[in-house]
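A quick write-up on the structure given underneath.
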Amino acid sequence: MAMHHKDLVGIETLSPEEITLILDTAEKMAEVSHRPLKKVPALRGKLVVNLFFENSTRTRSSFEIAEKRLSADTLNFSASASSLSKGESLVDTVLNLERMQPDAYVMRHSSPGACQLIRPFTKAVLVNAGDGAHEHPTQALLDALTIRQKKGGFRGLKVLIAGDIAHSRVVRSNVFLLKKMGADVTLCGPATLLPPHLDSLGVKVTTDFDRALDGQDVVMMLRIQLERQKKGLFPSLLEYYKYYGLTEERLRRADREVIVMHPGPINRGVEIASEVADGPYSVILDQVENGVSVRMAILYLLLGGGDDETSHS
Ligand code: CP
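With the numbering used here applied, the sequence shown covers 1 to 313.
Written as structure tokens, this is what we have:
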């Protein structure tokens with residue numbers, strides 16, 4: 001079994017078999033991070049360019065660590081310190097970097113479809129690290145690995161994703177993945193943060209957070225993305241927390257074995273109470289840990305690491 005795609009631009013085009021392959025490969029990669037020498041030669045001699053045009057803590061760090069653990073050479077391209085600030089376009093930037101013979105670009109950009117835009121101008125593998133409100137495929141894959149580890153699988157699992165649905169690339173990638181794998185998905189948020197036609201994705205949609213929590217196996221909270229939204233979508237952050245904040249009391253409505261997830265960064269006291277984020281049901285930092293393994297797996301599978309190249313340090 002191999003990946004049928006040259007790039008990882010989104011979850012929408014992946015098959016359930018490819019998703020399972022990535023998760024199985026990530027499980028194997030996790031072991032590398034716990035060795036005394038955290039390095040394998042799988043991608044020795046490959047050049048990966050990290051193109052981050054938006055801020056990031058988790059995704060950027062874990063991609064760079066994943067690249068280093070696989071022995072790839074890395075170039076961290078800083079948009080603010082580049083000639084983009086002099087007006088050079090994204091395509092011209094890529095045309096120039098292309099002559100430095102990269103094998104892969106990992107790109108985060110505020111524009112949906114940024115990977116597709118540069119596809120004709122590079123021979124390298126493209127990995128989408130988040131494009132506007134479109135997709136964040138590696139986040140959904142690390143979320144899936146966390147769910148599979150904690151719950152054993154996806155079929156029939158009740159998953160609630162709540163918060164700023166309208167501005168979230170995480171929700172789109174997660175819905176595509178969870179539906180492909182057989183989960184029962186509900187989306188919840190204030191009406192102003194629920195875009196139209198969500199039900200065409202095969203999910204339930206509600207504005208009633210308390211009732212939506214009933215019996216859920218997985219509750220995934222989303223950050224309010226103040227930087228992407230116009231003012232006035234809800235009265236105040238205090239009011240938002242009152243109706244849509246995940247508190248310990250609210251969480252009692254979910255299944256007794258519920259897990260609480262969040263892609264980060266978390267807004268404590270806005271979409272989630274600190275007691276829940278730091279509490280016994282939270283797997284938020286497990287998600288972060290799985291990010292390294294999942295990103296190692298993706299780079300390994302797309303850049304053609306050999307079967308025997310993860311065993312030697
Ligand atoms: N979850 C996530 O994408 O976090 P960062 O923006 O810090 O990368």
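Beta carbons are placed, not taken as given, at the ideal position from N, Cα and C, and that holds for glycine.
Item                                                                                                                                                     : Value
Curious, which full-length beta strand (DSSP E) runs of at least 3 residues does the stretch 215-261 contain?                                            : 218-221 and 259-261
According to the neighbour-count rule (16 or more other Cβ atoms, all chains shown, within 10 Å of its Cβ), is residue 43 buried or exposed?             : buried
Taking DSSP as the reference, what is the three-state secondary structure of residue 55?                                                                 : coil
What number of angstroms, rounded off, separates the C-alpha of residue 169 from the C-alpha of residue 163?                                             : 12 Å
Buried or exposed: which applies to residue 91, given that a residue is buried once 16 or more other Cβ atoms fall within 10 Å of its Cβ?                : exposed
I need the straight-line Cα distance from residue 151 to residue 178, nearest angstrom please.                                                           : 13 Å
Of all the options 214, 245, 211 and 218, which has the alpha carbon lying nearest to the alpha carbon of residue 224?                                   : 245
Can you list, in chain order, the residues of its chain whose CB lies under 7 Å from that of residue 65, leaving out five sequence neighbours each side? : 292
For a test of the three-state rule: what should DSSP assign to residue 154, helix, strand or coil?                                                       : coil
In whole angstroms, what separates the C-alpha of residue 257 from that of residue 96?                                                                   : 52 Å
Using only the alpha-carbon positions, how far apart do residue 46 and residue 31 sit?                                                                   : 22 Å
Could you check the C-alpha separation between residue 261 and residue 221 for me, to the nearest Å?                                                     : 6 Å
In the structure shown, what three-state DSSP assignment does residue 281 receive?                                                                       : coil
In this structure, does DSSP put residue 313 in helix, strand or coil?                                                                                   : Unreliable placement is indicated for residue 313, whose pLDDT of 42 sits below 50; the coordinate value is still reported in the next sentence. The answer is coil: DSSP assigns residue 313 none of H, G, I, E or B.
Skipping 5 residues on each side, what residues in its chain have a beta carbon closer than 6 Å to that of residue 131?                                  : 109, 112 and 114
Report yes if the C-beta distance between residue 263 and residue 143 is below 9 Å; otherwise report no.                                                 : yes
Any chance the CB of residue 293 is under 8 Å from a heavy atom of the ligand CP?                                                                        : no
In whole angstroms, give me the CA-to-CA distance for residue 312 and residue 75.                                                                        : With a pLDDT of 46 at residue 312, under the threshold of 50, the modelled position of this residue cannot be trusted; read the value that follows with caution. About 24 Å.
For the ligand CP, is there a heavy atom less than 8 Å away from the beta-carbon of residue 58?                                                          : yes
How big is the Cα-Cα spacing for residue 215 and residue 2?                                                                                              : 37 Å
Quick check on the burial criterion: 16 or more other C-beta atoms within 10 angstroms. Buried or exposed for residue 136?                               : buried
Need the endpoints of the alpha helix (DSSP H) that residue 78 sits in, please.                                                                          : No alpha helix (DSSP H) holds residue 78; the beta strand (DSSP E) holding it covers 73-78.
So who's on the other strand from residue 184, going by DSSP bridges?                                                                                    : 158
To the nearest angstrom, how far is the alpha carbon of residue 166 from that of residue 73?                                                             : 37 Å
Is the beta carbon of residue 138 less than 9 Å from the beta carbon of residue 127?                                                                     : yes
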